[in-house]
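Here's the structure, in structure tokens; my notes come after.
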Amino acid sequence: MKYVIGVDVGTQSTKGILMNAEGRILTSASRGYSVETPKPLWAQQWPEVWLEATMAVLADIVRQSGVDKSQIASVCISSLYGGSGIAVDENLIPLYPCLIWMDRRASDRVEWVKNYVDTKELFRITGNSLDSYYGYTKILWIKEHEPEVWENTRFFLPPNSYINYKLTGEVAVDHCSAGNIGGVYNIEKRDWSTKACRMLGIPKSMMPSRLVASDEIVGGLLPEMAEKLGLAAGTPIVAGGVDAAVATLAAGVVAPGNHVAMIGTSMCWGFINHSVDARHGLISMPHVNNPLQDIYTFGGAITAGASVTWFIEQFCSAEKQQAKEQGCTVHHVLEEKAKCLSPGADGLVFLPYLMGERSPIWDAKATGTLVGLSLYHTRHHMYRAVLEGITFALKDNIESGKACAERLDNELIVVGGAAFSDMWMQIIADVTGYPVLTIKEEVEAPLGDCFLAAKAVGIIQNAEQIKQWFTLEARAEPDAKAHEKYNALFNTYRSIYKNIKGDMHQLYDLTKME
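As numbered in full-length UniProt numbering, residues 1 to 514 make up the sequence shown, in order.
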């Protein structure tokens with residue numbers, strides 16, 4: 001029997017699983033960590049945190065499984081969108097923390113690009129637009145504000161590329177991660193763009209020349225790493241890709257029509273297309289499956305689960321204590337009352353822009369907003385409003401996607417931590433109007449990693465086979481009356497942002513003066 005290992009390096013934890021060739025999970029492991037936020041709207045991580053977590057997860061999986069190392073056919077590692085990537089020197093030693101997807105410090109570079117670069121041509125080449133979310137603006141921030149780092153940088157490596165290098169000694173970047181940088185990647189030619197790099201003033205030589213498919217073997221596991229992990233030297237290490245795309249693959253999205261919402265720390269809703277149009281405000285990159293033909297297009301909210309966590313940590317100490325006494329989760333305690341409230345939480349609307357916002361508004365100066373508060377409202381109202389606000393952000397992206405998708409199936413698959421909540425699944429169905437399905441096995445990107453690992457070594461050949469590795473289950477059907485009310489509330493959600501956008505920006509600018 002052959003086995004594969006899939007590991008996903010996420011924003012707040014690294015998770016991994018070991019599977020057999022039939023898609024049965026034998027064991028799993030995880031390691032948690034935190035994001036550095038040294039200044040408002042900054043978010044960074046040192047790559048050694050990711051490497052140590054990946055090593056620990058791999059070692060745990062091998063030890064717990066009891067599987068003979070000779071039977072482990074391959075390993076694939078996906079990762080969070082690394083934004084700038086990791087600036088490394090000639091010896092591939094990290095020089096600076098990685099400015100991850102959540103980081104918004106590059107607003108000044110966005111303005112520079114607007115003023116000095118032909119953005120219409122840039123968007124045409126890359127299939128992506130302009131925002132401090134994109135890695136190329138973060139790279140420009142390092143160039144402008146950290147000249148010593150810039151002077152000594154040899155490459156900018158996505159997180160999974162860096163870890164793959166440490167495991168194999170080989171430098172390569174998968175097409176999915178390359179495309180997600182925006183700015184420097186030609187989406188049509190599937191290569192770094194000489195013209196775009198020249199326009200931006202980013203040397204093309206800082207982008208590793210070896211571009212690979214996500215299911216391509218980067219190299220064999222180094223002997224010294226094999227000894228630490230309990231794996232065989234030479235075990236194939238597979239390229240992997242951006243976690244959102246890998247999680248989407250894990251939910252069986254291999255053809256136009258399928259669409260999935262991944263709701264964890266952030267929210268990513270995506271689908272497969274064969275063309276791109278940056279004007280719709282979504283993000284596009286080669287898919288992790290069939291990357292030379294298929295494009296993964298997605299929209300996302302920066303703080304989805306992060307908004308829920310923030311609310312609980314700041315306002316729900318009593319519910320946390322109650323959950324501890326009852327032996328349940330704090331979410332369960334909050335939902336006992338929140339689920340009994342009517343759609344709209346009795347007049348509360350939450351805008352989940354706690355770190356600015358990505359698509360479709362692309363506004364780094366947007367701020368979190370709770371509108372409609374009165375003495376009548378409780379924490380349960382606010383909790384429901386937070387879940388609804390994140391779901392309105394999902395609907396906002398779906399509406400943009402409808403304008404450019406080849407087609408969308410009449411059902412929505414949801415993966416991630418949100419899928420544990422029946423209440424949230426019903427809200428999603430009622431807001432979007434789609435029947436909601438989830439994956440019974442409760443796995444996300446690591447399942448997609450296992451598929452890529454198995455495909456790389458010939459254990460499986462057909463992408464459709466991944467659908468045999470999980471079980472979809474129906475979770476919620478939209479209620480017509482609730483859907484009608486949510487449609488009206490969604491219009492209010494949109495208009496609130498438009499009406500107070502100027503005030504949000506003024507507050508943002510005032511904080512910059514301090």
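Using N, Cα and C, we set each Cβ at its ideal position, and we do this for glycine too. Just so it is clear, the structure is predicted and the values come from calculations on it, not from any experiment.
Legend entry - Inter-residue Cα distance where the pair is residue 541 and residue 34: An answer regarding residue 541 cannot be provided, because it is not within the stretch 1 to 514 covered by the chain.
Legend entry - Which listed residue (310, 309, 336 and 255) has its alpha carbon closest to that of residue 464: 255
Legend entry - Helix, strand or coil at residue 200 [DSSP, three-state]: helix
Legend entry - Environment of residue 383 [buried if 16+ CB atoms lie within 10 Å]: Per the 10 Å Cβ criterion, buried.
Inset, instruction - Check residue 73 in the structure and name its three-state DSSP category. - result: strand
Inset, instruction - Give a yes or no on whether the minimum CB-CB distance between residue 500 and chain C is below 8 Å. - result: Of the protein chains in the structure, only one exists, and it is not chain C.
Legend entry - Close Cβ partners of residue 477 (< 7 Å) along its chain, the five nearest in sequence each way excluded: 429 and 435
Inset, instruction - Report the partner residues of residue 44 according to the DSSP bridge assignment. - result: 36 and 99
Inset, instruction - Could you please give me the residues that DSSP links to residue 351 through a beta bridge? - result: 369
Legend entry - Buried versus exposed, by CB contacts within 10 Å (16 or more), residue 132: buried
Legend entry - Close Cβ partners of residue 36 (< 7 Å) along its chain, the five nearest in sequence each way excluded: 44, 45 and 97
Inset, instruction - Measure the C-alpha to C-alpha separation of residue 397 and residue 238 and round it to an integer number of angstroms. - result: 31 Å
Legend entry - contact_flag[the stretch 302-313, the stretch 271-291] where n(CB pairs < 8 Å) is 3 or more: no
Legend entry - As assigned by DSSP and simplified to three states, the class of residue 142: helix
Legend entry - Closest residue to residue 257 among 320, 271, 102 and 139 (Cα-Cα distance): 271
Inset, instruction - Indicate the three-state DSSP secondary structure (helix, strand or coil) for residue 470 in the structure shown. - result: coil
Inset, instruction - Return the CA-CA distance between residue 456 and residue 217, expressed in angstroms with no decimal places. - result: 6 Å
Inset, instruction - For residue 428, write down the residues that DSSP places opposite it in a beta bridge. - result: Beta-bridge analysis with DSSP links residue 428 to no other residue.
Legend entry - residue 382: first and last residue of the uninterrupted alpha helix (DSSP H) it sits in: 379-402
Inset, instruction - Compare the beta carbon distance of residue 176 and residue 285 with 8 Å and say whether it is the shorter of the two. - result: yes
Legend entry - Which residues DSSP lists as bridging residue 31, in chain order: According to DSSP, residue 31 bridges with 14.
Inset, instruction - Round the Cβ separation of residue 535 and residue 234 to the nearest angstrom and send it over; I've been treating them as touching at under 8 Å. - result: It is not possible to answer for residue 535, since the shown part of the chain is limited to 1 through 514.
Inset, instruction - Output the distance between the C-alpha atoms of residue 281 and residue 324, rounded to the nearest integer angstrom. - result: Their backbone Cα atoms lie some 43 Å apart in a straight line.
Legend entry - Identity of the residue in 122, 108, 148 and 227 nearest residue 167 by Cα: 227
Legend entry - Straight-line Cα distance separating residue 316 from residue 452: 41 Å
Legend entry - Secondary structure of residue 259, DSSP reduced to three states: strand
Inset, instruction - Counting only the same chain and skipping the five closest in sequence on each side, list residues whose C-beta sits under 8 Å from that of residue 149. - result: 87, 95, 96 and 142
Legend entry - Secondary structure of residue 475, DSSP reduced to three states: strand
Inset, instruction - Indicate whether the contact test is met: 3 or more Cβ pairs, each with one atom in the stretch 150-160 and one in the stretch 192-212, closer than 8 Å. - result: yes
Legend entry - Cβ-Cβ separation, residue 7 to residue 58 (assumed contact under 8 Å), whole Å: 7 Å
Legend entry - C-alpha gap between residue 52 and residue 247, whole angstroms: 22 Å
Inset, instruction - With residue 301 as the anchor, note down where its beta strand (DSSP E) starts and where it stops. - result: 295-301
Inset, instruction - Can you say whether residue 195 is buried or exposed, counting buried as having 16 or more other CB atoms within 10 angstroms of its CB? - result: It counts as exposed.
Inset, instruction - Write down the C-beta distance between residue 444 and residue 414 rounded to the nearest angstrom, noting that I regard them as a contact closer than 8 Å. - result: With a Cβ gap of about 11 Å, residue 444 and residue 414 do not count as contacting.
Inset, instruction - Evaluate contact between the stretch 472-486 and the stretch 97-109, counting only Cβ atoms and requiring at least three cross-stretch pairs below 8 Å. - result: no
Inset, instruction - Verify whether the separation of the beta carbon atoms of residue 72 and residue 16 is less than 8 Å. - result: no
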